[in-house]
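The opening position of the sequence shown corresponds to residue 4 in the numbering used here, with each subsequent residue numbered one higher.
One structure is given below, encoded as structure tokens.
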Amino acid sequence: MAKLYFYYSTMNAGKSTALLQAAHNYGERGMRTIIYTARLDDRAGGRVASRIGISADARHFGPGRDLHAEIATAHAEAPLACVLVDEAQFLTAEHVSQLAQVVDDLDVPVLCYGLRTDFLGRLFEGSGRLLAWADNIVEIKTICRSGKKATMNARLDEHGNRVTEGAQIDIGHHYEALSRKEFHLEEVSPVARRKAP
4 MAKLYFYYST MNAGKSTALL QAAHNYGERG MRTIIYTARL DDRAGGRVAS RIGISADARH
64 FGPGRDLHAE IATAHAEAPL ACVLVDEAQF LTAEHVSQLA QVVDDLDVPV LCYGLRTDFL
124 GRLFEGSGRL LAWADNIVEI KTICRSGKKA TMNARLDEHG NRVTEGAQID IGHHYEALSR
184 KEFHLEEVSP VARRKAP
């Protein structure tokens with residue numbers, strides 16, 4: 004029985020590598036897959052690419068795309084074993100609904116890989132919906148500079164200084180994965196700020 008999976012982590016944890024490995028495993032067994040990535044992330048020329056040097060062609064999702072219709076058409080042409088989605092944090096709630104329907108209606112597993120939270124510790128729309136609706140939620144772990152598990156994404160400027168204001172989406176490599184303690188949530192979240200005694 005097919006399931007909707009959400010593999011989440013911080014920046015630089017190997018999410019794209021894990022996706023590409025999964026695609027390779029299916030392909031090695033002669034099974035057909037489709038890979039999607041966010042249209043707005045063009046760092047790899049529209050491909051899914053890992054920092055360790057492997058990559059694969061991908062279709063692109065963005066606002067207004069009907070992923071269920073696209074995948075259903077592709078599945079009718081030749082059966083799909085799996086759909087893999089990179090940068091899943093950039094999915095809309097509607098996209099996640101469409102992917103859930105792919106699982107439920109077409110019986111095709113969908114594996115989504117992405118960030119859970121942004122540089123201010125807030126959920127992305129796609130991640131929030133996946134956390135609510137996915138059948139399986141798996142954390143891909145990585146380490147903070149403190150040696151603790153990294154759970155947060157700090158944005159840095161060109162000089163390596165912490166950025167605590169700006170648009171939620173800013174594509175690039177200027178992020179650092181930190182533990183919640185090192186992230187200092189109280190500096191960026193009004194909810195987390197301590198009240199004076």
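We put the beta carbon where it would ideally sit given N, CA and C, even for glycine.
In or out: Ala153 buried (at least 16 other Cβ within 10 Å) or exposed? buried
Residue closest to Ser12, alpha-carbon to alpha-carbon, out of Val194, Ser182, Pro193 and Glu189: Ser182
Report the option in Arg42, Pro82 and Ala75 whose CA atom is closest to the CA atom of Ile172. Arg42
Mind the definition here: the segment 158 to 171 touches the segment 26 to 38 only if three or more C-beta pairs lie below 8 Å; say whether that holds. no
Best match in Asn156, Gly124 and Ala26 for proximity to Met14 [C-alpha to C-alpha]: Asn156
What is the DSSP secondary structure of Val191, counted as helix, strand or coil? coil
Apply the 10 Å Cβ neighbour rule to Arg125 and answer buried if 16 or more other Cβ atoms are within range, or exposed otherwise. exposed
With a threshold of 7 Å on Cβ separation, who are the neighbours of Lys6 within its own chain once the five nearest residues in sequence on each side are excluded? Val106, Pro112, Asp138 and Asn139
Jot down the residue ranges of each uninterrupted alpha helix (DSSP H) in the segment 15 to 83, minimum 4 residues, whole runs only, in chain order. 18 to 31 and 70 to 80
Excluding the five sequence neighbours on either side, which residues of its own chain have a C-beta within less than 6 Å of the C-beta of Ala103, listed in chain order? Leu7 and Trp136
With a CB to CB cut of under 8 Å and the five nearest residues on each side skipped, what residues in its chain are close to Pro66? Thr95
Please report the residue range of the alpha helix (DSSP H) in which Phe186 lies. Arg183 to Phe186
Let me make sure I understand the geometry here. Which of Leu70, Val88 and Glu185 has the alpha-carbon closest to that of Leu109? Leu70
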